[in-house]
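First to last, the sequence lines map onto chains A and B.
Quick note: the first sequence uses the numbering used here, first residue 19, plus one each step.
Quick note: the second sequence uses the numbering used here, first residue 3, plus one each step.
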Amino acid sequence: MRIGSLAIYEQLKRAVQEDINEISEKNTMLFTGKKINKPSDDPVGAVRAIDYRVSIQQSEQYKSNMMGAGIFMSVADKAFTASADVLDKLINLADKGVNGDTSENRNQFSLEAAGYRDVLHSMANTKFGGRHIFSGFKTDQQAFTFNAATNTYDYNGDLGLINVQIDKGMTIAQNVPGSNVFSFGLGASMSSVLSDGTTVSYTAALNPVNGVNTITIEIGNAGDPNHDTFSVSNVMDVANTISYAWKFQEVDGNALDASAAISKEKGLHRMDALSALADTARTKILGTQSEVGGRGVVLNDQIARTDQNILNWENARAKTEDADINQVFVELKQAEVALEALRSSSANVLSRSLFDYLK
Amino acid sequence: MSLSGLFHIGRSGLLSSQSALTIVNNNIANVNTPGYSRQEIILELSSPVRSGGMLVGTGVTVAGIRRHYDRFIQTQILGQNQNQGRSLSLDKAYGEIEQVFNEAQNLGMSKSMSDFFNAWQEIATNPEGQPQRTLLLQKASSLVRNAQSVEQGMTDTLKHMNEEIGSITAQINDLASQLAKLNDAIIRAEAGQQSATAIDLRDQRDVVLNDLGNLVDMTSYENSDGSVTVSIGMQNLVSGVNTNPFEKRLQSDGAYDFYQNGINVTGNISKGQLGGFISAQQDITANPLTDFRKFIASVVKEVNLLHQSGFGIDGSTGNDFFNGLQITTRDSSAGADVTSASITNLSQVTLDEYYITFDAGSNYTVTNAQSGATVTSGAYVSGNPISFDGIDMTINGAVTANDSFFVSPLTEAVRNFGVSVTDYRQIAAASSAAGVPGDGSNANAIGQLTEAGISDLGDSFNNFYRTIVAYTGSAAATASDGLTFENNLSSTLNSRRDAVSGVNLDEEAINLVKFQRSYEAGARLIRVADELMQTILQL
């Protein structure tokens with residue numbers, strides 16, 4: 019085939035341009051560390067890399083959610099431990115009354131019970147990060163407040179569960195509504211006898227709106243002089259009632275009866291009846307603690323799984339879009355050698371002309 | 003033969019060598035001229051004379067100049083230039099568009115989307131937290147800015163293409179007048195000749211034709227007078243020495259239509275740079291741009307629907323999180339106007355675009371612009387709202403058959419995209435009721451939208467967006483591969499053309515020596531004749 023002089027120049031120009039393009043591409047790869055620098059470099063790989071990155075960002079968010087929930091739950095866990103300890107002490111204190119310990123230290127015991135009541139109140143109103151963690155969704159309000167009109171503790175929260183996303187389509191509640199832990203999990207009713215043989219019945223009434231179980235306690239039989247009926251709806255009420263019972267008083271400070279003897283008997287009965295109830299409450303708190311602990315285990319497992327997922331996706335992302343620096347470097351060198359060879363051969367071709375010999 | 007005949011033969015040798023050297027020089031001078039066809043002198047015997055009963059030669063004459071030219075290859079090059087022009091435009095357009103969706107540095111839309119929905123999850127874990135709520139507003143603003151910059155990138159590309167189209171149209175008209183002038187010159191030069199003798203002019207015309215072919219989809223043929231007729235969409239652009247202006251007219255959708263002799267030839271232009279730009283504009287508008295607007299409109303719709311149902315910590319409810327979607331209309335009616343168009347029920351909006359068309363009996367039909375399916379129809383009453391898919395439109399005035407209105411909830415979706423909530427307390431994280439600051443269930447629901455299948459998109463947000471990126475990436479890769487292929491093909495064809503028409507300097511050097519020697523020999527012949535003449539005269 020005939021070759022025109024212009025064709026030789028054009029071909030050399032194209033070849034040099036192609037080699038320089040190749041070198042530029044490899045340089046970009048070395049500069050960015052990526053083999054996909056724009057979607058058209060590898061459309062499938064580019065969108066796969068997006069997918070991996072989105073999954074990594076998503077999983078990091080799940081991990082952050084789980085870490086936050088874990089701290090939230092560990093704060094609750096400490097409140098449960100402290101509350102269960104206090105209830106233990108309260109039960110012991112009530113048992114002193116049941117055992118007939120009616121020394122002149124009654125006032126002291128009353129104060130001690132009041133102290134436990136305040137600790138329980140403080141635990142039930144635990145605040146973390148400016149949020150009341152046992153108020154359900156109403157985190158801006160104290161879970162339990164003292165109602166001076168009724169001399170009982172009211173639950174101000176609701177049954178809201180703060181669910182956080184821990185994986186695709188998977189949520190976990192980070193809180194426990196206060197009514198589900200500091201109130202009681204008693205069935206509809208329960209009957210028993212006190213240590214002196216007096217009958218006692220506990221009747222529960224559940225408020226479905228806020229989950230508060232109000233327990234009405236009836237000691238003795240109607241018509242008996244020592245017949246007594248009162249109600250409590252949470253552990254603070256129990257501690258408060260025990261505190262006043264040590265003074266043989268109603269929670270409003272009035273004597274339990276006009277007769278001092280009956281007042282004393284009623285007070286001792288109340289302590290006896292409430293000791294059992296406090297035990298139920300303690301069991302409930304420990305049960306809840308164990309349930310929240312279970313959630314913590316799930317969280318820890320999930321965090322480990324998420325970490326593994328992030329690692330896997332990061333590896334897959336790197337394989338998809340990161341350049342193999344060694345290989346790119348070798349390819350760059352190859353392209354440079356090819357360009358050098360082309361330059362050298364071009365110099366030969368371009369310098370050869372018949373005109374050079376016609377002198 | 004007389005002694006003076008020797009002078010005549012010597013002169014013919016000198017003159018023909020001179021002519022040959024001129025042609026060789028011309029070839030050498032044009033070695034780098036694009037489109038130049040190598041020329042070669044055609045020598046033949048002068049008519050012999052009878053002398054002493056014999057026929058004796060009288061030297062050499064120049065019979066003509068041969069243009070080394072292959073019409074078949076030239077036709078192929080002209081066609082190939084049109085393909086190459088198209089590929090060039092597609093590569094430019096998609097190369098620009100894919101940069102808009104470049105996620106390689108992890109700064110693109112997918113990061114903004116993840117950040118936005120993750121910020122909702124942050125709120126879900128701490129619904130009353132002001133920092134989390136403020137962060138969400140920041141991430142939402144960042145999403146808005148990013149989305150608007152992506153759309154801006156696409157509309158800028160479309161604008162750049164319009165600018166290129168303007169320049170191409172001017173070039174087409176300029177080349178058309180050059181062709182007409184060359185036609186005129188060729189007709190004049192070849193008038194009365196049997197063959198195509200205006201070879202330099204024809205080379206120039208081929209170059210202009212090639213340039214024109216690179217710009218626009220056209221056909222050309224040569225007439226008997228040597229002129230070429232050039233047509234675009236069966237309408238003559240150049241006919242003999244006359245040209246007809248090629249025009250562009252801006253349409254209401256922002257794109258150009260093209261007219262030759264007053265006839266719309268847009269549909270006939272698929273090749274050349276212009277054909278590439280038309281095709282890229284149509285594709286980018288119909289696919290990545292519309293899809294992206296739909297994607298953002300869908301984010302607005304889904305987030306707003308959930309947000310409206312939730313409660314802020316200030317007790318507010320029913321608020322939009324993003325600015326509400328707006329309906330835009332385009333009117334193709336002389337007697338009727340749209341007086342209002344609005345969304346009446348966001349949950350029913352399907353994020354499709356529509357045409358409302360009218361027949362001779364003033365009945366209207368609403369069709370889905372993308373699928374072509376009929377959405378609803380009825381009798382038109384001026385001023386009565388036409389309702390479909392959660393949209394109410396009121397048209398006033400007299401309609402005539404074939405009047406149409408384009409209705410879209412997408413056109414302004416990105417331009418109007420903005421965060422409507424300004425007070426962090428209005429962020430509706432709660433779903434149960436007002437006054438429950440710890441309720442993050444609505445925030446959780448919004449956060450989970452990122453994984454959910456969105457019926458209007460037929461996929462999740464992430465997957466739908468990935469599809470747009472994959473589309474632009476594949477289109478850019480195809481365009482780039484296409485351009486490489488067309489360049490290679492052009493190069494092959496040009497090599498084949500060069501094999502016939504290209505100048506080779508070595509060949510020319512040989513010819514130079516050859517004709518130099520024959521010139522020297524001719525001169526020597528005259529000297530010999532002169533010496534012979536001297537000999538006779540000295541007798």
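By construction, the Cβ of each residue, glycine as well, lies at the ideal position given by its N, Cα and C atoms.
Based on Cα-Cα distance, which residue from the options lies nearest to residue i?
{"i": "A/Ile235", "options": "A/Val250, A/Asn198 and A/Pro226", "result": "A/Val250"}
{"i": "A/Ile21", "options": "B/Leu495, B/Thr231 and B/Met535", "result": "B/Leu495"}
{"i": "A/Ala100", "options": "A/Arg300, A/Val72 and A/Pro61", "result": "A/Arg300"}
{"i": "B/Ser577", "options": "B/Lys161, B/Pro439 and B/Gln350", "result": "In the structure as shown, chain B starts at 3 and stops at 541, and residue 577 of chain B therefore has no counterpart that could be examined."}
{"i": "A/Ser23", "options": "B/Ala22, B/Asn32 and B/Leu17", "result": "B/Asn32"}
{"i": "A/Glu198", "options": "A/Gly178, A/Asp214, A/Lys186 and A/Phe266", "result": "With the sequence shown as reference, residue 198 of chain A is identified as Asn, and Glu is not the correct amino acid for it. Ranking A/Gly178, A/Asp214, A/Lys186 and A/Phe266 by Cα distance to A/Asn198 puts A/Gly178 first."}
{"i": "B/Ile167", "options": "B/Leu184, B/Gly420, B/Phe260 and B/Tyr71", "result": "B/Phe260"}
{"i": "B/Asn266", "options": "B/Met115, B/Tyr467, B/Phe248 and B/Ser379", "result": "B/Phe248"}
{"i": "A/Ala336", "options": "A/Asp37, A/Glu130 and A/Ala64", "result": "A/Ala64"}
{"i": "B/Asn238", "options": "B/Gly385, B/Thr341, B/Ser457 and B/Tyr223", "result": "B/Tyr223"}
{"i": "A/Val93", "options": "A/Ile54, A/Ser77, A/Asn143 and A/Gln79", "result": "A/Asn143"}
{"i": "B/Val301", "options": "B/Ile201, B/Tyr258, B/Phe463 and B/Asp322", "result": "B/Phe463"}
{"i": "B/Thr469", "options": "A/Phe49, A/Gln35, A/Ile280 and A/Asp69", "result": "A/Asp69"}
{"i": "A/Asp59", "options": "B/Pro50, B/Gln101 and B/Val438", "result": "B/Gln101"}
{"i": "B/Gly442", "options": "B/Asn85, B/Ala121 and B/Ser112", "result": "B/Ala121"}
Spell out the partners DSSP gives residue i in its beta bridges.
{"i": "A/Gly133", "result": "Bridge partners of A/Gly133: none, in fact."}
{"i": "B/Met395", "result": "B/Ala343 and B/Ile388"}
{"i": "B/Val421", "result": "B/Phe324"}
{"i": "B/Tyr366", "result": "B/Phe360 and B/Gly380"}
{"i": "A/Lys145", "result": "A/His150"}
{"i": "A/Asp185", "result": "A/Met188"}
{"i": "B/Gln41", "result": "B/Arg69"}
{"i": "B/Arg52", "result": "B/Leu57"}
By Cβ distance below 6 Å, which residues in the same chain neighbour residue i in space, the five residues on each side in sequence not counted?
{"i": "A/Met208", "result": "Tyr220"}
{"i": "B/Thr245", "result": "Ala178, Ser179 and Ala182"}
{"i": "A/Thr232", "result": "Ala223, Ser249 and Ser251"}
{"i": "B/Ser114", "result": "Ser144, Leu145 and Asn148"}
Are residue i and residue j closer than 8 Å when you measure CB to CB?
{"i": "B/Gly242", "j": "B/Ala478", "result": "no"}
{"i": "B/Leu527", "j": "B/Ile11", "result": "yes"}
{"i": "B/Thr171", "j": "B/Lys273", "result": "no"}
{"i": "B/Glu355", "j": "B/Ser410", "result": "yes"}
{"i": "B/Gly131", "j": "A/Gly154", "result": "no"}
{"i": "A/Asn45", "j": "A/Leu350", "result": "yes"}
{"i": "B/Asn83", "j": "B/Gly235", "result": "no"}
{"i": "B/Lys94", "j": "B/Asp117", "result": "no"}
{"i": "B/Leu90", "j": "B/Gly278", "result": "yes"}
{"i": "B/Asn289", "j": "B/Phe419", "result": "no"}
{"i": "A/Val269", "j": "A/Leu105", "result": "no"}
{"i": "B/Leu451", "j": "B/Val305", "result": "yes"}
{"i": "A/Val316", "j": "B/Thr127", "result": "no"}
{"i": "A/Asn174", "j": "A/Gln159", "result": "yes"}
{"i": "A/Ala294", "j": "A/Tyr134", "result": "no"}
{"i": "B/Val58", "j": "B/Leu45", "result": "no"}
{"i": "B/Val530", "j": "B/Asn29", "result": "no"}
{"i": "B/Val218", "j": "B/Asn185", "result": "no"}
{"i": "B/His309", "j": "B/Phe323", "result": "yes"}
{"i": "B/Tyr357", "j": "B/Ala371", "result": "yes"}
{"i": "A/Glu40", "j": "A/Ala353", "result": "yes"}
Excluding five sequence neighbours on each side, which residues of the same chain lie with their C-beta closer than 8 Å to the C-beta of residue i?
{"i": "B/Ser373", "result": "Asp354"}
{"i": "B/Thr157", "result": "Leu291"}
{"i": "B/Leu307", "result": "Leu348 and Ser349"}
Near residue i, what residues of its chain come up, given a Cβ to Cβ distance below 7 Å and the 5 sequence neighbours on each side ignored?
{"i": "B/Asp213", "result": "Leu177"}
{"i": "B/Ile43", "result": "Ser21, Ala22, Ile25, Val64 and Ile67"}
Completely contained beta strand (DSSP E) runs for the segment 276-349 of chain B, where each covers 3 or more residues: 330-334 and 338-345
Mind listing, in chain order, the continuous alpha helix (DSSP H) runs of no fewer than 4 residues lying wholly within the segment 97-146 of chain B? 111-127
Along the chain, which unbroken stretches of the beta strand (DSSP E) at least 3 residues long are found entirely within the segment 171-250 of chain B? 221-224, 230-234 and 237-241
Runs of beta strand (DSSP E) lying entirely within the segment 38-67 of chain A, each at least 3 residues, in chain order: none
Quick check for students: name the residue ranges of the alpha helix (DSSP H) that lie wholly in the segment 276-363 of chain A, counting only runs of 4 or more. 278-339
Continuous alpha helix (DSSP H) assignments of at least 4 residues falling wholly in the segment 444-514 of chain B: 463-503
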